[in-house]
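Chains as they are written, first to last, in the numbering used here: chain W, 1 to 325; chain B, 326 to 650. To start, the structure under review is shown below, and the notes come after it.
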DNA sequence: CCTCCTTGTCGAAACGTTTCGACACATGGT
DNA sequence: ACCATGTGTCGAAACGTTTCGACAAGGAGG
C-alpha cells in the first residue's frame, strides 16, 4: 500500500540518463542538449515524478517556506485574510509555501518553523512578539514601515498613505464638510504617523485619538468627542472602525450623510454591505501580499542585495456616505 | 558572516558522545543513561542546536507541515481567521508548521506543497478546488461534515448544530416570537442540512433560502421575503449575514428588537460591535482549529487508524437583539 | 569458567536532491 | 598532426538526520 515514492533515480533510469542530467534538465540549469531535456521532461511527467522538498531543502539549505505574521487585533480581519490569500498564492507560484506564524513569544519554537523569510503585517512599535521575531535569523519584509529604530527589514511594501489621506480629505471637503474630524491611531505605526502629518498641514481638520487595537467603546467615545466638537464629517482611520461609528451614529439618531459625512480609510467588503455604503480608500491587500512575497523571493532565492521598497496604489472609492443631495 | 549551522555532530563532539546518542537523548527514544541524556540536553541548549527540519523530513519521509484550506467566500472572515490562529498554534505546539493552501486547481503545484495532512474548513459539495485537493495523497480532516459521497476524510470535527439550532430557536420563541423566519443555506453543506432538519420539526418556523456564498443583495432579498411573510423574528444562519440584515432593517426603518427579533447563528466580534448587540451561538473557532490539528497529528505522527470524530461545544450568547422590554 | 541477559553506546547506511569537477568527443585553427 | 575550445554527460560527494544492528561491559545463574 505505501508505494515507494518516485525519485529522481527512477526518472534517470527510465530516461536512460544520469541523475545529474535529470536534475539539470528539469531545473534548466547546466548545459543539457535541448533534445535530452525534452525527453527527460516527458518521462518525468509520465511516471509522476515530484521532487522531494525535503531533499532539496537539505541540499540547498533553504526550507522553501515563507512565514506570515499578522498581529492579534480584534478587528480588521478582512484585510488580513485577503493579504494572506494574495501572499499564499504568490508564494505557491514561486514554488514556496506560506506558513502561518502564531503570536508566540517562544524563540525556540519559532526557530523550529524553519522559514526562509518573514512577512510582518502592520508592525507596531512595542509588539513583544515582533521583538522576538526580529531575532530570527531570516530576512524580513514588513507591510507598512516599521518605526522601531532597531528594525532593519530587507524590504518594505506600503501604500502611498500621504497621497491617499490627502485625496480622502479633499474629497470630503469637496462634498461639503466644513469641519472634518479625523479619528486616527497614534504614531506607533508609520501609517498613523503619516496620516497625522497630512492632517497637520490643513485647516479645518482636527485629529482625535483612537487606539490602534481599539475596542468598540474606544471608537464610539472618539466619535462622541468629535461630535461634541461640532464636526460635520468623520474620517475613520483604523480598519473596521467606520462600521462601529456608523452603528453608533445611527443609534444616536444621527443621519449619514445628511447630518454628518462619514468616510473610512481602509476599504473592505463590509463597507459595501453597510447602508449607506461607506466611502473609503481601497488599498488592495492581495496585491500587497503578493508584493511582499515578491520582495522576499528576490532576496532569498535570487540573492538580491540591499533594501527593496514597493509602493502599492491606492484608489478612492466614493460612496453614498459622502454624497449629499 | 554566514555562520555554519550548528549540527548534531557539533553537539556530539561537544558532549563527547556519538550522534546516535545525541539523537536518542534529545528525542527520548532508545535506551540512554539518564545522566548522559541530561548532559547532552544541556550541551545542545548551550551551543544553540536546532535540528534541521529538512534533514529530519528527508529521513522520516514526513514534511512536518499541515495544510489549511479555507474556501473563498465573500464573508465570514472572522471565523476563519480565528480558526487559522487556533490551528497554527496547535500545529506549532506539536512541532509542525501550518501552511496556507490557496484556492488553486493545479494539482502539480499543490503537490509541490508537500504537506502531511490537510484541514478543510467547511467543505461544500461541488467545490472544484476541494475536488482537486481530495486527490492529494494525504490524510484530510474536515471542519464540518463533508457531504460529498466520494469524500473519505480520516477525521471530522464539528459542532453540535442540531442542538445549537434547537437552543437558538427555543430562545427566540421564548423571547416572544410567534413566527420565526430562518434564513439558511441549502443542503450543499452538512451544516445547512442539519439546520433545516431541526426547523422542519417545528411549528411556526419557516425556512427561507440564502446562498452559502451570498452577496449582500441575496441576504437583503431573503430578509424582504421573510418580512413579506409576516415574520416577527429573523434567524440568520450564514456567517456575517446578520450584520447585513441589521443594516437592511435599520435602513427600512424597522427597529430591532422592538419590531422584529434578530439572531445569528455564527458568533463573532462584529456581532458585539453592532447596535443592538446580536444574539448568537458561539462555536469557538480557535478550539475547532486546534481539534482539527490534533486529529491530524494523531493520524500522521501517532499512526492512529480509523476515523476520528471530535465534537466542539456550542454556547448560546443571548444579547439585546432578542431582548424586549 | 562459560553462557545468557541487560544496559549503554556507537558506526554506518539511508533518505533524495544539487553541483563540482572530470571526462569524452567534436570542431576549428594552427 | 597537434592544441585549444566548446559541448554534453556523468560519478560522487555533500547536506543533517534517524535507526538498525553490533559490540563491550557488567551481573546473574549455572
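Think of the CB as a built atom: it goes at the ideal place given N, C-alpha and C, for glycine as much as any other residue. Computed from a prediction, not measured in an experiment: that's the story for all the values here.
Endpoints, beta strand (DSSP E) assigned at residue i
i                      : result
residue 589 of chain B : 586 to 591
residue 95 of chain W  : Segment: none, residue 95 of chain W is in no beta strand (DSSP E) and carries neither H nor E.
residue 180 of chain W : 180 to 184
residue 466 of chain B : 465 to 468
beta-carbon residue i near the ligand ADP non-hydrogen atom, thresh 7 Å
i                      : result
residue 547 of chain B : The ligand ADP is absent from the structure shown, which contains no ligand whatsoever.
Collapsed DSSP secondary structure at residue i in the structure displayed
i                      : result
residue 383 of chain B : helix
residue 514 of chain B : coil
residue 526 of chain B : coil
residue 158 of chain W : strand
residue 133 of chain W : helix
residue 32 of chain W  : coil
residue 425 of chain B : strand
residue 119 of chain W : strand
residue 318 of chain W : coil
residue 405 of chain B : helix
residue 637 of chain B : strand
residue 67 of chain W  : strand
residue 520 of chain B : helix
residue 148 of chain W : coil
residue 232 of chain W : coil
residue 397 of chain B : coil
residue 495 of chain B : helix
residue 532 of chain B : strand
residue 177 of chain W : coil
residue 566 of chain B : helix
residue 489 of chain B : helix
residue 669 of chain B : Nothing can be reported for residue 669 of chain B: it is not among the residues displayed for chain B, which extend from 326 to 650.
residue 246 of chain W : helix
residue 366 of chain B : helix
residue 53 of chain W  : helix
N-terminal and C-terminal residue of the alpha helix (DSSP H) that residue i is part of
i                      : result
residue 20 of chain W  : 19 to 27
residue 552 of chain B : 541 to 553
residue 327 of chain W : Shown here, chain W extends from 1 to 325; a query on residue 327 of chain W therefore has no answer.
residue 127 of chain W : First-last for residue 127 of chain W: undefined, no H or E at that position.
residue 8 of chain W   : 8 to 15
CA-to-CA distance, residue j to residue i, given in whole angstroms
i                      : j                      : result
residue 265 of chain W : residue 11 of chain W  : 55 Å
residue 465 of chain B : residue 479 of chain B : 6 Å
residue 467 of chain B : residue 604 of chain B : 27 Å
residue 384 of chain B : residue 61 of chain W  : 16 Å
residue 638 of chain B : residue 262 of chain W : 40 Å
residue 398 of chain B : residue 286 of chain W : 15 Å
residue 539 of chain B : residue 563 of chain B : 8 Å
residue 193 of chain W : residue 150 of chain W : 18 Å
residue 8 of chain W   : residue 369 of chain B : 35 Å
residue 331 of chain B : residue 172 of chain W : 59 Å
residue 523 of chain B : residue 646 of chain B : 22 Å
residue 463 of chain B : residue 621 of chain B : 10 Å
residue 495 of chain B : residue 614 of chain B : 28 Å
residue 156 of chain W : residue 619 of chain B : 36 Å
residue 243 of chain W : residue 216 of chain W : 10 Å
residue 414 of chain B : residue 104 of chain W : 8 Å
residue 40 of chain W  : residue 354 of chain B : 42 Å
residue 1 of chain W   : residue 565 of chain B : Because the pLDDT of residue 1 of chain W is 43, which lies under 50, any placement of that residue in the model is unreliable, and the question is left without a value.
residue 417 of chain B : residue 629 of chain B : 20 Å
residue 558 of chain B : residue 187 of chain W : 45 Å
residue 648 of chain B : residue 395 of chain B : 34 Å
residue 37 of chain W  : residue 13 of chain W  : 15 Å
residue 32 of chain W  : residue 23 of chain W  : 10 Å
Complete runs of the beta strand (DSSP E) confined to the segment 251 to 307 of chain W [at least 3 residues]: Runs of the beta strand (DSSP E) inside the segment 251 to 307 of chain W: 261 to 266, 279 to 282.
Cβ contact check for the segment 64 to 79 of chain W and the segment 261 to 272 of chain W: 3 or more pairs under 8 Å: As far as the Cβ criterion goes, the segment 64 to 79 of chain W touches the segment 261 to 272 of chain W, which means the pair count is three or higher.
Three-pair Cβ contact test at 8 Å for the segment 407 to 427 of chain B versus the segment 381 to 391 of chain B: The segment 407 to 427 of chain B, when compared against the segment 381 to 391 of chain B, does touch it at the 8 Å Cβ threshold.
Given 8 Å, three or more beta-carbon pairs between the segment 210 to 228 of chain W and the segment 171 to 186 of chain W: Per the Cβ contact rule, the segment 210 to 228 of chain W is in contact with the segment 171 to 186 of chain W (3 or more Cβ pairs under 8 Å).
Stretch-stretch touch, CB-based, cutoff 8 Å, three pairs: the segment 430 to 442 of chain B with the segment 366 to 381 of chain B: Segments in contact, no.
Validate contact between the segment 451 to 458 of chain B and the segment 621 to 632 of chain B using beta carbons, cut 8 Å, 3 pairs: They do not touch, by the three-pair rule.
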